[in-house]
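S.K.: Read in the UniProt record's numbering, the sequence shown has 157 at position 157, and its numbers run on one by one without any break. Quick one: this structure, given as structure tokens, is what I'll be asking you about.
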Amino acid sequence: MDGSDGDRLFSEANAWFFRLQSDDHTPAERAAFADWLARSPAHADAWTGLQSLLHDLKEPARAAYAASRSAPSRRPAAAGVRRFAAAMAVLLVVGGLGVWRGPMLYQNAVADQVTSAGQRRTLTLPDGSTAEMNGGTALALDFRDGERRVRILRGEAWFHVTRDPDHPFVVDGGAGAARVLGTQFSVRREDGRTTVTVGEGLVEVSAHPGTDSHAPWPDSVRLHPGESAEAGPLGLSGPRAADPAVAFAWRQGQIVFRQQSLASVIAALNGQWPGRVVLLNDEAAERVVSGVFALDRPDAVFDALERGLGVHATRITPYLTLLR
1 MDGSDGDRLF SEANAWFFRL QSDDHTPAER AAFADWLARS PAHADAWTGL QSLLHDLKEP
61 ARAAYAASRS APSRRPAAAG VRRFAAAMAV LLVVGGLGVW RGPMLYQNAV ADQVTSAGQR
121 RTLTLPDGST AEMNGGTALA LDFRDGERRV RILRGEAWFH VTRDPDHPFV VDGGAGAARV
181 LGTQFSVRRE DGRTTVTVGE GLVEVSAHPG TDSHAPWPDS VRLHPGESAE AGPLGLSGPR
241 AADPAVAFAW RQGQIVFRQQ SLASVIAALN GQWPGRVVLL NDEAAERVVS GVFALDRPDA
301 VFDALERGLG VHATRITPYL TLLR
């Protein structure tokens, strides 16, 4: 089992742990957990590992709290603190203290392709088109009976679509969808919104796509290269200008920030890395960040934040970094 599969199972075990602690969990959920646990030895190992880490949580927590307030640099934490940090990462990596990630488990179950945070993958689709998946993405594919349809359950993907005038290519992002004949574009699904950005060709975007892929779509716009539109609860907005250097930077393993708050930067990094960056200094949350960073060099990102904003980063484990 590779590292990404281990991270995924560890995350799923964490989600099950917190759900089963809830007073309102159901017999059906207990049965689903039993099925998950029995699925493979790796599932059972992930559950056992989680229990061991949580058992180690109580005493080292006090040492970790003291270290986070006094450590002057990113030097590795002491062995006792690491034990706490590993357990703390269980709580922070997947979704916070006690947050139930049931939707993610459901998405993984129905998806045909899944990437974990920090993992990127390129797929060749049945029609010859390609899809580049960003980290934390789940896709469901439907290419039966001449259909060319992809559902983004969460995350972001870039599509290079093989031209076929008789069979439109549809990407459904929940709140909205994109329909093309052959072009290059990205679709991101996040926080109940669907954002479509075009790199090449022409893309039709609708907030309420019809079931008939050949029928006209209400409330739709056509996007040209360098344009984006967003579909959300209030309908469709756009087109608006989009900077490809920012929108598509993840495809080159980069992330770009232009006059963004530190809080939003941390949120973006947490979506790209298999771990959590936690800001302990609320006063620094609105400090402005600009820069281009390599996603596979987190130390360089923290160095830049320290130099530019005066914050201090303490790298507890590869899965947990404290900023203060």
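Glycine residues also receive a C-beta, built at the ideal position from the N, C-alpha and C atoms. Predicted, not measured: the structure shown is a model, and the values here were computed from it.
Do residue 222 and residue 280 have their C-beta atoms closer together than 8 angstroms?
M.R.: In this structure, residue 280 does not lie closer than 8 angstroms to residue 222 by Cβ.
S.K.: Could you check if residue 298 is buried or exposed, using at least 16 other CB atoms within 10 Å of its CB as the buried criterion?
M.R.: It counts as buried.
S.K.: Applying the 10 Å Cβ sphere with the 16-neighbour rule, what's the burial state of residue 110?
M.R.: Burial call: exposed.
S.K.: Thinking residue 181 and residue 205 are a contact (beta carbons under 8 angstroms), I'd like their distance in whole angstroms, please.
M.R.: Residue 181 to residue 205, Cβ: 14 angstroms. No contact.
S.K.: Suppose you measure from the CA of residue 285 to the CA of residue 128; what does that come to, to the nearest Å?
M.R.: If you take the alpha carbons of residue 285 and residue 128, they lie about 45 angstroms apart.
S.K.: Is it buried or exposed, residue 233, if we count other Cβ atoms within 10 angstroms and call 16 or more buried?
M.R.: Label assigned to residue 233: exposed.
S.K.: Quick one, are the C-beta atoms of residue 138 and residue 153 less than 8 angstroms apart?
M.R.: Yes, the pair counts as a contact, with Cβ atoms nearer than the cut-off.
S.K.: In terms of residue numbering, what span does the alpha helix (DSSP H) encompassing residue 265 cover?
M.R.: Element bounds for residue 265: 262-272.
S.K.: Would you call the CB atoms of residue 242 and residue 203 closer than 8 angstroms?
M.R.: Their beta carbons are not under 8 angstroms apart, which means residue 242 does not touch residue 203 by this criterion.
S.K.: So, is residue 170 buried or exposed, given that buried needs 16 or more other C-beta atoms within 10 angstroms?
M.R.: Label assigned to residue 170: buried.
S.K.: Round the Cβ separation of residue 9 and residue 43 to the nearest angstrom and send it over; I've been treating them as touching at under 8 angstroms.
M.R.: That pair is a contact at about 6 angstroms.
S.K.: Identify the residues that DSSP records as bridge partners of residue 152: which are they?
M.R.: Per DSSP, 139.
S.K.: Would residue 194 pass as a contact of residue 173 if the rule is Cβ separation under 8 angstroms?
M.R.: Cβ atoms of residue 194 and residue 173: closer than 8 angstroms.
S.K.: When the Cα of residue 161 is compared with those of 123, 189, 144, which residue comes out closest?
M.R.: Ranking the options by Cα distance to residue 161, first place goes to 123.
S.K.: So, are the CB atoms of residue 136 and residue 117 less than 8 angstroms apart?
M.R.: Yes, these two residues count as a Cβ contact at 8 angstroms.
S.K.: Taking 6 angstroms as the limit between beta carbons, can you name the residues of its chain near residue 114, skipping five residues before and five after?
M.R.: Excluding positions up to five away in sequence, the list reads 108, 138.
S.K.: Does DSSP put residue 43 in a helix, in a strand, or in coil?
M.R.: In the structure shown, residue 43 sits in a helix (DSSP, three-state: H, G or I).
S.K.: If you drop the 5 nearest sequence neighbours on each side, which residues of the same chain put their C-beta closer than 8 angstroms to that of residue 145?
M.R.: The answer is none, since no qualifying residue turns up.
S.K.: In or out: residue 192 buried (at least 16 other Cβ within 10 Å) or exposed?
M.R.: Answer is exposed; the Cβ neighbour count stays below 16.
S.K.: I'd like the list of long-range same chain contacts for residue 270, defined as Cβ closer than 7 angstroms, with 5 residues on each side in sequence excluded.
M.R.: Answer for residue 270: 276, 277, listed in chain order.
S.K.: From the DSSP secondary-structure annotation, give me the bridge partner or partners of residue 169.
M.R.: Answer is 180, bridged to residue 169.
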